[in-house]
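Here's the structure, in structure tokens; my notes come after.
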Amino acid sequence: MSLADFAADIATGAVRVVDLTHTLDPDFPVIVLPPEFGQCARFRMEEISAYDHRGPAWKWHNITMSEHTGTHFDAPSHWVSGRDVPNGAVDEIPAQALIGPVCVIDCSAGAAADDDFELTPQIIAEWEAAHGPIPAGAWVLMRTDWSKRTGAEYLNMREDGPHSPGPTPAAVRALLARDIRGFGTECVGTDAGQGAHYTPPYPAHDLLHGAGKYGLQCLANLDQLPATGAVLITPPLKIRNGTGSPLRVLALVQT
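Just add 694 to wherever you are in the sequence shown, counting from 1, and you've got the working numbering.
Right, here's the structure in full:
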């Protein structure tokens, strides 16, 4: 297929574009850390002018937020294990690394029954038995339908911290053995809410970024993707030495 054919297929709907991104607004939840740590800033937007005395022919805004607010990309340099990874900041990642195939592992039934549902090597093996091997260079997304939650239910904070699904350390190692491109979730982080209790703590961050892999958080609409066959487009903002960035994640699906 030529690029012209590809563009025509998008125009006619033969290739469907699925938006996997939440809308950035001040109410979208952000991760909450223990109070002794610095906190992630929510999205804020300030009007500069709106076709008025401040600017009669234009409207625009100043925006402020953390690199890790809303649907966002984690670069290797986000975690201490990836601090020395070559090309580990968002502005250093090769552009071709930001487009790749995607495998979606449906854990929605398990997550509906258990807020702390774990992605395990057994689940990965069962998925491969049904859909074929996870190819090298693929994004692997953990579908939980968590993105259908809002507000306090999304963060799901309790006295002992947040509770949300995520991968076990063994599952992350299994995915690294398949040389994936990165791992993504619908939750506020790639790790389980109680991921601090694993060894190592927060394995999706520690192991993935230490291996030079990428993360995607706060994804939406994973229920619209097939298990295999889609292509993900994931370019973060090109921030010098940036550890991550909000982005608009798009999936291309053959209809």
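Cβ coordinates follow ideal geometry from the N, Cα and C atoms, glycine included.
Same chain, Cβ closer than 8 Å to residue i, five either side skipped, listed in chain order
| i | result |
| --- | --- |
| Pro895 | Gly889 |
| Ala735 | Val724, Thr758, Met759, Ser760 and Thr763 |
| Gly904 | Pro770, Trp773, Ser775, Gly776 and Val779 |
| Leu766 | The question names Leu, but residue 766 in the sequence shown is His. So the qualifying residues of the chain are Leu910, Gln911, Cys912, Pro930, Gly938, Ser939, Pro940 and Leu941. |
| Tyr745 | Ala751, Trp752 and Lys753 |
| Pro720 | Arg736, Phe737, Arg738 and Met739 |
Identity of the residues DSSP links to residue i by a beta bridge
| i | result |
| --- | --- |
| Asn756 | Glu740 |
| Ala924 | Val796 |
| Gln816 | Looking at the DSSP assignment, Gln816 forms no beta bridge with any residue, so it has no partner. |
| Val779 | Answer is none; Val779 lacks a bridge partner. |
| Ala945 | Val712 and Leu926 |
| Asp746 | Gly749 |
| Pro723 | Beta-bridge pairing links Pro723 to no other residue. |
| Gly938 | Asp768 |
Secondary structure of residue i, DSSP reduced to three states
| i | result |
| --- | --- |
| Leu718 | coil |
| Arg875 | coil |
| Ala909 | Per the sequence presented here, residue 909 reads as Gly, with Ala not at that position. Strand at Gly909. |
| His766 | strand |
| Ser696 | coil |
| Glu761 | coil |
| Glu730 | coil |
| Glu786 | coil |
| Asp900 | helix |
| Gly804 | helix |
| Ile704 | helix |
Rounded separation between residue i and residue j - CA only
| i | j | result |
| --- | --- | --- |
| Asp917 | Gln733 | 31 Å |
| Ile787 | Met695 | 27 Å |
| Met739 | Leu718 | 10 Å |
| Asp809 | Val774 | 28 Å |
| Arg710 | Thr838 | 22 Å |
| Cys881 | Arg867 | 20 Å |
| Lys907 | Ser771 | 10 Å |
| Ala819 | Asp785 | 35 Å |
| Ile817 | Trp833 | 16 Å |
| Arg872 | Gly860 | 18 Å |
| Pro750 | Ile933 | 31 Å |
| Arg748 | Gln790 | 41 Å |
| Leu910 | Thr844 | 18 Å |
| Leu727 | Gly883 | 12 Å |
| Asp703 | Thr949 | 10 Å |
| Leu714 | Glu741 | 27 Å |
| Glu822 | Asn935 | 36 Å |
| Gly876 | Asp900 | 13 Å |
| Gly878 | Lys842 | 16 Å |
| Ala698 | Gly707 | 14 Å |
| His716 | Ala701 | 25 Å |
| Ala803 | Leu869 | 21 Å |
| Pro815 | Ser743 | 53 Å |
| Gly831 | Pro729 | 37 Å |
| Asp885 | Leu813 | 10 Å |
| Ile874 | Ile828 | 8 Å |
Close-in-space but distant-in-sequence residues of the same chain around residue i (CB under 7 Å, 5 per side omitted)
| i | result |
| --- | --- |
| Ala924 | Val796, Ala945, Leu946 and Val947 |
| Ala805 | Phe811, Thr838, Asp839, Trp840 and Pro859 |
| Asn850 | Asp809, Pro856, His857, Ser858 and Gly887 |
| Asn756 | Glu740 and Ile742 |
Chain-order list of residues whose beta-carbon lies under 6 Å from that of residue i (same chain, five-residue window excluded)
| i | result |
| --- | --- |
| Ile927 | Ile793 and Leu944 |
| Pro863 | Tyr892 and Pro897 |
| Ala921 | Val798 and His825 |
| Asp800 | Arg837 |
| Leu931 | Ser939 |
| Tyr848 | Pro723 |
| Leu919 | Val798 and Ala945 |
Exercise. Just list the beta strand (DSSP E) runs in the stretch 828-898, keeping only unbroken ones of 3 residues or longer that don't cross its boundaries, in chain order.
Key: 833-837 and 876-879
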